[in-house]
Every structure is written in structure tokens, then in C-alpha cells.
Amino acid sequence: MSTRTESPAAADFGIDTTSRSTGEAVRDYLARLRAGDLGSLPAVLGLVALVVVFRVLSDGFLTLDNTANLLAQGAGKMIIAMGLVFVLLLGEIDLSAGTASGVCAAVMAMHYVRAGNLLGGMGTTVFLVFACGLAVAALLAVFLRIWAGAALSLLTLVLAVVGAPANPWLEMLLALGVGAAIGVITGFLVSTIGMPSFVVTLALFITWQGVILRFIGEGGVFGIGTDPVLFAVANGNMSVLGSWLLCAVVICGYALVVLGEHLSRLRRELVTTPTPLVVTKTVCVAVASIAATYALTRNRSTNEYADIRGVPYVVPIVLVLLAVGTYALNRTRYGRHVYAVGGNAEAARRAGINVSRIRASVFVVGSSTAALGAIVYSSKVGSVDPQAGGLNTLLFAVGAAVIGGTSLFGGRGKVLHAVVGGLALAVVENGLGLLKQPAAMVNIVTGLVLLLAATVDALSRRRAARG
Amino acid sequence: MSGEPILELTGVRKGFGPVRVLHDVDFTVRAGEVTALVGDNGAGKSTLVKCVAGIHPMDAGTVRFAGEPVRVAGPRDAARLGIEIVYQDLALADNLDIVANMFLGRERGPGGLLDEAAMERAARETLASLGVRTVRSVRTPVSALSGGQRQTVAIAKAVLWDSRVVLLDEPTAALGVAQTWQVLDLVRRLADQGLGVVLISHNMADVFAVADRIAVLYLGRMAAEVATREVTQTQVVELITAGRSGELGLARPETAVV
Numbered sequence: 001m002s003t004r005t006e007s008p009a010a011a012d013f014g015i016d017t018t019s020r021s022t023g024e025a026v027r028d029y030l031a032r033l034r035a036g037d038l039g040s041l042p043a044v045l046g047l048v049a050l051v052v053v054f055r056v057l058s059d060g061f062l063t064l065d066n067t068a069n070l071l072a073q074g075a076g077k078m079i080i081a082m083g084l085v086f087v088l089l090l091g092e093i094d095l096s097a098g099t100a101s102g103v104c105a106a107v108m109a110m111h112y113v114r115a116g117n118l119l120g121g122m123g124t125t126v127f128l129v130f131a132c133g134l135a136v137a138a139l140l141a142v143f144l145r146i147w148a149g150a151a152l153s154l155l156t157l158v159l160a161v162v163g164a165p166a167n168p169w170l171e172m173l174l175a176l177g178v179g180a181a182i183g184v185i186t187g188f189l190v191s192t193i194g195m196p197s198f199v200v201t202l203a204l205f206i207t208w209q210g211v212i213l214r215f216i217g218e219g220g221v222f223g224i225g226t227d228p229v230l231f232a233v234a235n236g237n238m239s240v241l242g243s244w245l246l247c248a249v250v251i252c253g254y255a256l257v258v259l260g261e262h263l264s265r266l267r268r269e270l271v272t273t274p275t276p277l278v279v280t281k282t283v284c285v286a287v288a289s290i291a292a293t294y295a296l297t298r299n300r301s302t303n304e305y306a307d308i309r310g311v312p313y314v315v316p317i318v319l320v321l322l323a324v325g326t327y328a329l330n331r332t333r334y335g336r337h338v339y340a341v342g343g344n345a346e347a348a349r350r351a352g353i354n355v356s357r358i359r360a361s362v363f364v365v366g367s368s369t370a371a372l373g374a375i376v377y378s379s380k381v382g383s384v385d386p387q388a389g390g391l392n393t394l395l396f397a398v399g400a401a402v403i404g405g406t407s408l409f410g411g412r413g414k415v416l417h418a419v420v421g422g423l424a425l426a427v428v429e430n431g432l433g434l435l436k437q438p439a440a441m442v443n444i445v446t447g448l449v450l451l452l453a454a455t456v457d458a459l460s461r462r463r464a465a466r467g
Numbered sequence: 001m002s003g004e005p006i007l008e009l010t011g012v013r014k015g016f017g018p019v020r021v022l023h024d025v026d027f028t029v030r031a032g033e034v035t036a037l038v039g040d041n042g043a044g045k046s047t048l049v050k051c052v053a054g055i056h057p058m059d060a061g062t063v064r065f066a067g068e069p070v071r072v073a074g075p076r077d078a079a080r081l082g083i084e085i086v087y088q089d090l091a092l093a094d095n096l097d098i099v100a101n102m103f104l105g106r107e108r109g110p111g112g113l114l115d116e117a118a119m120e121r122a123a124r125e126t127l128a129s130l131g132v133r134t135v136r137s138v139r140t141p142v143s144a145l146s147g148g149q150r151q152t153v154a155i156a157k158a159v160l161w162d163s164r165v166v167l168l169d170e171p172t173a174a175l176g177v178a179q180t181w182q183v184l185d186l187v188r189r190l191a192d193q194g195l196g197v198v199l200i201s202h203n204m205a206d207v208f209a210v211a212d213r214i215a216v217l218y219l220g221r222m223a224a225e226v227a228t229r230e231v232t233q234t235q236v237v238e239l240i241t242a243g244r245s246g247e248l249g250l251a252r253p254e255t256a257v258v
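Sequences listed follow chains A and B, in order. Residue 1 is where the first sequence starts when you use this note's numbering, and the numbers rise one by one after that. Residue 1 is where the second sequence starts when you use this note's numbering, and the numbers rise one by one after that.
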């Protein structure tokens with residue numbers, strides 16, 4: 001880069017304008033690791049180790065059939081974890097994400113089962129409380145100036161009051177709206193009233209569990225598997241052509257964004273990662289996408305009369321959410337402010353950022369995303385029962401985010417972490433299931449893995465503080 | 001070196017409940033000069049700065065900015081006028097890089113998006129114009145910077161925003177010798193670029209190294225506002241501790257004791 005023609009002053013930052021060599025970049029990365037910034041490296045290594053162990057212990061593990069099944073099983077909790085990343089980035093916690101998603105699932109299923117008559121399904125009193133809750137959420141969202149939350153809450157209120165007939169897309173929108181409304185209420189209590197999120201969401205965790213039970217009734221169950229769309233969300237596959245199209249879109253999209261940005265930064269002489277690294281990354285993504293698509297478009301039926309092939313719909317769903325979430329955090333003012341509030345709320349306040357609005361908004365993002373997760377896991381089992389979103393849904397979701405490398409102390413984390421951690425936990429659950437281990441074992445191992453991840457997080461934070 | 005007064009405070013009073021912290025304080029900041037604000041602990045330095053920043057509303061007093069009377073009702077008013085405060089605890093987000101910190105709350109870009117290229121270049125040019133050479137890359141996370149470098153980033157942020165008055169609260173308090181000199185050098189350069197600089201400090205060596213004028217607060221009253229070259233360190237220390245020194249200072253400092 002000896003042909004630079006910049007002002008001599010700007011050239012003081014020589015390292016910015018000359019590209020680092022690959023060796024330097026690798027050394028920088030190692031230095032960051034030593035400084036305690038591990039990112040998702042432990043999760044990726046753990047995932048590889050788990051896959052190897054279960055492959056050795058069980059012949060059924062790495063079959064195509066089981067792999068596709070594993071993706072669909074883990075997707076719901078993985079999606080909830082993606083929303084929780086936003087909450088964790090502020091150093092907050094949402095213990096109610098699981099049962100809140102259950103409420104969304106219950107409303108969605110009731111709308112389908114009762115052919116759109118929520119009033120009949122809930123009874124007059126409960127319906128009035130439900131409608132009032134949505135109206136209050138809409139008002140609070142306006143007060144907090146979270147317009148998307150206000151719009152969704154209001155839309156849900158209108159849909160519920162009008163009693164629109166059953167329609168799978170409408171039901172999913174309803175679930176999303178209920179999730180947003182719940183998030184607004186949580187966010188208001190935490191950011192404006194100023195209660196610790198731990199207490200607010202612990203109280204709501206129990207409350208939502210009761211609400212689900214009230215909606216569905218003791219021992220009741222709402223079947224949604226009879227609707228082809230609601231069933232296909234987690235159980236359907238794309239056509240072979242569609243799968244390859246998705247593969248092409250993923251590769252081209254990734255290459256366009258990553259290489260395009262890299263070239264534009266090179267041209268403008270800004271800080272860049274070395275070209276060989278960028279190209280290697282892109283090639284790796286392309287090869288992995290092609291290999292995965294090839295594997296998933298082969299017949300994976302264990303029954304010789306059936307033919308199951310194609311990429312499960314959950315894969316594009318997770319990928320779209322991953323892309324949207326990553327874009328929001330890295331490329332928008334909102335995402336920058338989320339990181340800033342998580343890193344140093346006082347600095348953010350002095351910089352003129354509306355901290356309480358950001359704090360409330362992450363709960364809206366968290367609960368809305370949890371609603372999407374609820375759609376996926378309800379579709380997977382084909383029904384919604386009073387246990388929806390209960391049990392260890394929350395443990396898995398928080399675990400996925402933390403195992404993936406998102407810090408519980410705020411400020412550090414990516415949406416990608418939820419995907420990596422979610423995969424690791426899905427492998428644990430699925431693999432132990434194949435080994436005929438009882439639920440007790442799955443819970444113990446999952447809990448210990450979460451504990452291990454939190455330990456790594458705490459230790460690396462201490463190391464970073466010392467360094 | 002006598003620049004135009006850019007910020008003039010007259011008769012500032014401030015109390016917290018029954019406690020009067022500032023008694024009719026007059027304070028002037030001149031463009032192109034470093035004004036040191038000194039005083040013992042509890043003399044009201046931080047309160048005065050917070051009144052200027054709009055964090056504490058004044059009970060009485062007027063503020064003139066560039067000759068015009070203005071009202072500073074909140075931090076945003078201060079920012080709009082071009083008054084920037086660099087706090088002692090720095091107010092940087094550790095997890096973000098230098099560029100992100102310098103533009104925090106005032107990001108550039110269309111709609112809600114970020115124009116990283118423009119921000120990165122502006123940040124780099126600002127640092128370069130201040131002669132900052134110690135920062136290796138503007139994409140370094142703040143957590144990886146030394147205390148002096150952090151201070152540099154916080155100060156450079158003020159320059160980036162075309163501020164006209166910069167108030168620095170104990171910028172060298174936690175720094176080593178070499179880093180202190182880097183920061184003082186930067187403070188001097190800010191004034192040379194035509195900004196009005198206020199340096200709050202306990203360290204007489206720092207004050208005498210960079211300040212053009214020294215304002216001494218004694219128990220909430222302005223004991224003296226003098227040119228640095230007309231006084232000695234001993235005199236300033238007497239003003240800080242006793243409120244007067246020879247002909248300088250409050251007429252009857254003992255009455256200042258509430």
C-alpha cells in the first residue's frame with residue numbers, strides 16, 4: 001500500500017489503512033482469546049465434541065433422518081434464545097420468556113380451534129381482561145415510544161375483538177402480537193417502574209403459567225396439527241428445487257454482503273480484515289451450505305415406501321431471523337445503542353440515548369421472538385397443552401444464548417450465539433434420547449452444561465477486567 | 001492571549017435543600033484559553049460544572065454564551081450550544097470501539113442505519129488533527145486502551161462535535177507521568193484550536209503547565225480569577241485553603257463559612 005495519497009495527518013494511523021497480513025490477524029485473534037474474549041469458540045468446539053461422542057455411541061445419531069429431526073426439535077427454543085440475546089445484552093434477564101411464549105401459543109391455538117371466536121373460547125370476563133391487557137400494552141408502548149410494539153398490540157386487539165375467522169397466517173400474527181404486548185408490559189415494569197428484571201419476570205413467569213392453564217383448561221389440549229400450514233412450519237420440507245434455491249440465496253447473499261463490504265472498505269482505505277481470511281470464510285460458508293443442502297435433499301425416510309427430502313422449513317426461518325437480528329444489532333443505530341447501554345448505561349445516558357426506551361424495547365424484541373419460537377415448537381408437536389413453554393423451555397433458551405458465548409453481564413453477544421448454543425443443546429437432548437437416557441439425565445446434563453458456560457463467561461470477564 | 005469571553009456565568013446560586021453550595025459565583029471562559037478551575041474538596045467545582053452542563057438547574061444566575069443570554073435547562077441544551085463535558089469516570093462504553101464511542105448518541109447514517117465509513121474517517125481525521133499517535137487503530141475496542149488513551153478518546157469526542165467549550169473534570173487524576181503529559185498536551189492543543197477549555201484539577205503542576213487563567217473556588221464563592229503568570233503556586237494554594245492571599249481573594253473569607 002505504498003501508493004497511498006492521503007493527507008499526512010491521516011497517515012498517522014498507518015495501521016488503519018494498510019491491510020493487516022493474515023498472520024497478524026490470526027495473532028490478533030489469539031491475543032483476543034487470551035484476553036478472555038472467547039466468543040462462540042467454546043460452543044463450537046463443544047458442539048464438534050458432542051457430535052463425535054454421540055456418533056461413536058449411537059449409530060442412529062448422524063443419520064440424515066435424525067439430523068433433520070434434531071433441527072426441527074431444537075428450532076423453537078433456539079428462536080426464543082435469539083430474542084433473549086437482546087435482553088442479555090443489557091445484562092437483564094427474562095425468566096418469563098418461556099411461559100410468555102406459551103401464552104402466545106395458547107391464544108394462537110385457541111383462535112384456530114374456536115374458528116376465530118376468542119370470546120367464546122375464553123369466556124366474557126377473561127376476554128375482557130385479555131382485551132384490556134392489550135389496550136394497556138398499546139398505551140404503554142406509545143408512552144415508551146416503541147411504535148412497533150404499539151402497532152402490534154393494537155392490531156392484535158382489533159383482530160381479537162373483530163373475531164376474524166381462523167386462518168393460519170392470522171393466527172401466527174396474533175401470537176406475535178400477544179408476544180409484543182407481553183414484552184411491552186415487562187419492559188415498562190423494568191425500565192419505567194425500575195424493578196429488577198429478575199423479580200418482574202419471575203412474577204410474570206408464574207402469572208403466564210396460570211394464564212395458559214386458564215386459557216386451555218386443566219388437562220385440555222388444543223390440536224393445531226390439522227391445519228396444513230401450522231403443521232408444516234416445523235414438520236414440512238422445502239421442495240428439492242426450493243432447497244437449492246435457498247442454498248443459492250444464502251451463498252450469494254453472504255458473498256455479496258461480506259465480499260461487497262470488504263471491497264468497499266478496501267477501496268476507501270478503511271480498516272479491513274485480510275482478504276485471504278474473508279475469502280476463506282466465504283468459501284467455507286458456500287461449501288457448508290452446498291454440503292448441507294445436498295445431504296438434506298436426499299431421501300432420508302426410514303420407511304422404504306415413503307420419500308422425504310428437502311430442507312426443513314425451520315432452516316430458512318432460523319436463517320432469516322439470524323440475518324435480521326444480526327443486521328439490527330450491527331448495522332443500525334438501535335443495535336449500537338443496545339450495545340452501548342449494555343456496556344455502560346451511564347455513558348449511554350450522557351450521550352443522549354434514551355436508556356429506558358432501549359431497556360423496554362429489548363423485552364419487546366425478546367417476547368415477540370419468543371412468540372415466533374412458540375409457533376415453531378407448537379407446530380412440531382402439533383398441539384398446545386397447559387405445559388406449553390413451561391418445563392425447561394426457558395432453561396434451554398437462556399442456556400443456548402449463554403453457551404453460544406453471550407455474556408450474562410451484558411454488552412457482549414450476538415444472535416449467532418443463540419444458534420450455535422441452541423444446536424449444542426439440541427444435540428445433547430437428541431443424543432441422550434437416542435442413548436435411551438431418561439429425562440432426568442437430560443436435565444442434569446443440560447443444567448451442568450449451562451453452569452459450565454456461565455463459569456466460562458464469568459472467568460473470561462474477570463480476565464478481561466484484569467487485562 | 002486574552003480571547004473573547006465565550007461562556008459567562010454571573011451570580012450563579014445553587015443549593016441542595018438547606019445547604020448553599022454556590023454563592024453568587026461569577027465565572028468566565030474565554031475562547032482559545034485554558035481556564036483552570038481549582039478549589040478544595042467541597043468547594044463547589046463539580047456543582048458549578050454540572051450547572052453549566054444542565055444536569056443541575058441553577059437557583060439563580062445568568063448564562064451568556066458568545067455574548068447572547070441563553071438558558072441551559074438540560075444536557076441537550078448544553079450539547080446544542082456546543083458545551084461538552086469530559087467526566088472523570090469518562091463515560092465510554094468498554095465493549096464498543098473508538099469510532100462507536102466517539103459517535104455514541106450522534107451516529108451518522110441514513111434513516112436508522114449507520115454510515116461506518118464516514119464515521120471511521122471522521123474519527124481518524126479528528127484524532128490525527130489532535131496529533132494523537134498512540135492509538136494503533138480506530139477500530140480498537142475501548143476495553144483494550146490504557147487510561148491515557150481513554151482520556152484522549154473522550155476529549156477527541158468533544159472536538160469531533162465542533163464543541164466551543166470543553167469542561168474537563170480531573171482528566172489526569174488516574175494517569176501516570178507520561179500519560180499525563182499526553183493529555184495536557186492535548187488540552188493545550190484544544191485551546192490552540194480556538195476552543196474555550198475549563199480544566200478542573202487538584203494538581204498545581206498540571207494547572208501551571210497548561211492554564212492561562214486560574215479561577216479559585218473557596219467554600220462556594222469565587223475567591224479569585226487571575227492570570228496564571230501573575231501568581232505563584234504558593235499564592236494559589238493559599239487561595240484554595242484560606243480564600244485569600246495578600247491582596248488577592250475574598251475580603252473577609254471567614255464570613256464565607258456558613
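Glycine included, C-beta positions come from ideal geometry on N, C-alpha and C.
Backbone CA spacing between residue i and residue j [nearest angstrom]
i          : j          : result
Met-1(A)   : Ala-401(A) : Low per-residue confidence applies at Met-1(A): pLDDT is 34, beneath 50, and the placement is therefore not dependable enough to give any value.
Val-198(B) : Arg-189(B) : 13 angstroms
Glu-218(A) : Ala-234(A) : 26 angstroms
Val-142(A) : Phe-363(A) : 15 angstroms
Thr-232(B) : Val-166(B) : 26 angstroms
Ser-58(A)  : Leu-434(A) : 7 angstroms
Arg-300(A) : Val-314(A) : 17 angstroms
Val-12(B)  : Ala-43(B)  : 14 angstroms
Ala-291(A) : Val-355(A) : 44 angstroms
Asp-457(A) : Ala-35(A)  : 12 angstroms
Arg-80(B)  : Val-70(B)  : 11 angstroms
Ala-10(A)  : Glu-269(A) : Confidence at Ala-10(A) is low in this model, with a pLDDT of 38, below 50, so the placement of that residue is unreliable and no value is reported for it.
Phe-65(B)  : Leu-114(B) : 33 angstroms
Ala-453(A) : Tyr-29(A)  : 21 angstroms
In DSSP terms, what residue i is bridged to
i          : result
Thr-10(B)  : Thr-62(B)
Thr-35(B)  : Val-198(B) and Arg-213(B)
Arg-20(B)  : Gly-15(B)
Tyr-377(A) : Looking at the DSSP assignment, Tyr-377(A) forms no beta bridge with any residue, so it has no partner.
Phe-27(B)  : Leu-9(B)
Phe-222(A) : Val-384(A)
Ser-46(B)  : DSSP output for Ser-46(B) lists no bridge partner at all.
Leu-248(B) : Ser-245(B)
Val-207(B) : Answer is none; Val-207(B) lacks a bridge partner.
Ile-185(A) : In DSSP, Ile-185(A) forms no bridge with anything.
Beta-carbon spacing of residue i, residue j below 7 angstroms
i          : j          : result
Ala-374(A) : Cys-104(A) : yes
Gly-39(B)  : Ile-214(B) : no
Ala-164(A) : Lys-380(A) : no
Ile-212(A) : Pro-438(A) : no
Gly-342(A) : Gly-411(A) : yes
Ala-115(A) : Ala-166(A) : yes
Phe-86(A)  : Val-427(A) : no
Start-to-end residues for the beta strand (DSSP E) that takes in residue i
i          : result
Glu-68(B)  : 68-70
Ile-200(B) : 196-200
Val-311(A) : Here Val-311(A) belongs to no beta strand (DSSP E), and DSSP marks it neither H nor E.
Val-142(B) : First-last for Val-142(B): undefined, no H or E at that position.
Asp-97(B)  : Segment: none, Asp-97(B) is in no beta strand (DSSP E) and carries neither H nor E.
N-terminal and C-terminal residue of the alpha helix (DSSP H) that residue i is part of
i          : result
Leu-84(A)  : 64-89
Arg-80(B)  : 75-81
Leu-47(A)  : 41-57
Glu-552(A) : Shown here, chain A extends from 1 to 467; a query on residue 552(A) therefore has no answer.
Arg-265(A) : 240-267
Gly-185(B) : Rather than Gly, the amino acid found at residue 185(B) in this sequence is Asp. First-last of the alpha helix (DSSP H) with Asp-185(B): 177-192.
Cβ distance (whole Å) where residue i is taken to contact residue j below 8 angstroms
i          : j          : result
Gly-389(A) : Ala-43(A)  : Between Ala-43(A) and Gly-389(A) the Cβ distance is about 24 angstroms, and since that is not below 8 angstroms, they are no contact.
Val-237(B) : Met-204(B) : 7 angstroms
Ser-96(A)  : Leu-204(A) : 4 angstroms
Ser-63(B)  : Met-222(B) : Per the sequence shown, residue 63(B) should be read as Val rather than Ser. Not a contact, Cβ separation roughly 15 angstroms.
Val-318(A) : Val-398(A) : About 18 angstroms separates the two Cβ atoms, so there is no contact after all.
Ala-424(A) : Leu-47(A)  : 5 angstroms
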